[in-house]
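For the sequence shown, the positions run 614 to 744 when this note's numbering is used. We put the beta carbon where it would ideally sit given N, CA and C, even for glycine. Bear in mind that the values here come from a model prediction, so they are computed numbers and not experimental data.
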Amino acid sequence: MIGVKDVTLTILEKGLDALSARQAAIANNLANVETPNYKAVDVAFEASLRKALQEDAALVQAGPDRAAAQLEQVEPRLFRRNDISMRLDGNNVDVETEMVRMAETATRYQALTTLATRKLALLRMVAREGR
Numbered sequence: 614m615i616g617v618k619d620v621t622l623t624i625l626e627k628g629l630d631a632l633s634a635r636q637a638a639i640a641n642n643l644a645n646v647e648t649p650n651y652k653a654v655d656v657a658f659e660a661s662l663r664k665a666l667q668e669d670a671a672l673v674q675a676g677p678d679r680a681a682a683q684l685e686q687v688e689p690r691l692f693r694r695n696d697i698s699m700r701l702d703g704n705n706v707d708v709e710t711e712m713v714r715m716a717e718t719a720t721r722y723q724a725l726t727t728l729a730t731r732k733l734a735l736l737r738m739v740a741r742e743g744r
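This is the structure in structure tokens:
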């Protein structure tokens with residue numbers, strides 16, 4: 614798509630990037646399960662993406678290029694979780710919780726991948742029909 618921004622693809626791209634970062638954070642948490650005083654990390658992005666979408670609803674009407682450009686400013690944010698540590702060494706990583714979060718993140722990633730694939734197929738079809 615030369616010179617054309619697609620809002621839906623921008624949203625999907627941002628979601629996939631953030632979910633990939635979250636999966637890496639979870640893997641890092643699991644790798645540090647035995648590290649004393651290690652605090653689990655997570656990636657926040659849903660709230661900032663939702664806020665950008667609400668604020669940019671008017672931009673979509675103004676033009677998809679402007680809306681997509683605004684959405685590209687949304688970046689995932691890494692933060693330390695303040696879960697209560699049940700361990701004497703101060704580490705707050707719970708393997709079972711991390712595994713559940715990993716499965717949820719993988720499911721969301723797969724869903725966004727499917728949506729992106731379908732959107733790209735639709736755009737290819739439109740491009741072929743326009744010839």
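* Tell me whether ARG663 is buried or exposed, calling it buried when 16 or more other Cβ atoms sit within 10 Å of its Cβ. => Walking along the sequence shown from the start, residue 663 turns up at place 50. Label assigned to ARG663: exposed.
* To do: Given a cut-off of 8 angstroms, decide if PRO689 and ALA644 are closer than it, judged by their beta-carbon atoms.
  => Position 31 of the sequence shown, counted from the start, is the residue given in the question as residue 644. Position 76 of the sequence shown, counted from the start, is the residue given in the question as residue 689. It is not a contact, given that the beta carbons lie outside the stated cut-off.
* Through-space distance from ASP707 to MET715, alpha-carbon basis -> Here residue 715 refers to the residue found at position 102 when the sequence shown is read from its first residue. Here residue 707 refers to the residue found at position 94 when the sequence shown is read from its first residue. About 12 angstroms.
* Nearest to ASN641 (by Cα), restricted to the options ASP655, ASP630, ASN650, ALA681 -> On the sequence shown, residue 641 is found 28 positions in, with the first residue counted as 1. Checking every option, the nearest Cα to that of ASN641 belongs to ASP655.
* Cβ-Cβ separation, LEU684 to ALA665 (assumed contact under 8 angstroms), whole Å -> Here residue 665 refers to the residue found at position 52 when the sequence shown is read from its first residue. Here residue 684 refers to the residue found at position 71 when the sequence shown is read from its first residue. Indeed they touch by this definition, with Cβ atoms about 6 angstroms apart.
* Entirely within the region 677-713 and at least 4 residues each: give me those alpha helix (DSSP H) ranges in chain order. => 677-684
* To do: Grab the span of the beta strand (DSSP E) containing VAL656 for me, first residue to last.
  => Here the question's residue 656 lines up with position 43 in the sequence shown. Counting along the chain, the beta strand (DSSP E) containing VAL656 begins and ends at 654-657.
* Taking three-plus beta-carbon pairs below 8 angstroms as touching, is the region 616-631 in contact with the region 726-734? -> yes
* What residue does the alpha helix (DSSP H) around VAL620 start on, and which one ends it? -> By one-based count along the sequence shown, residue 620 stands at place 7. Here the alpha helix (DSSP H) through VAL620 covers 620-644.
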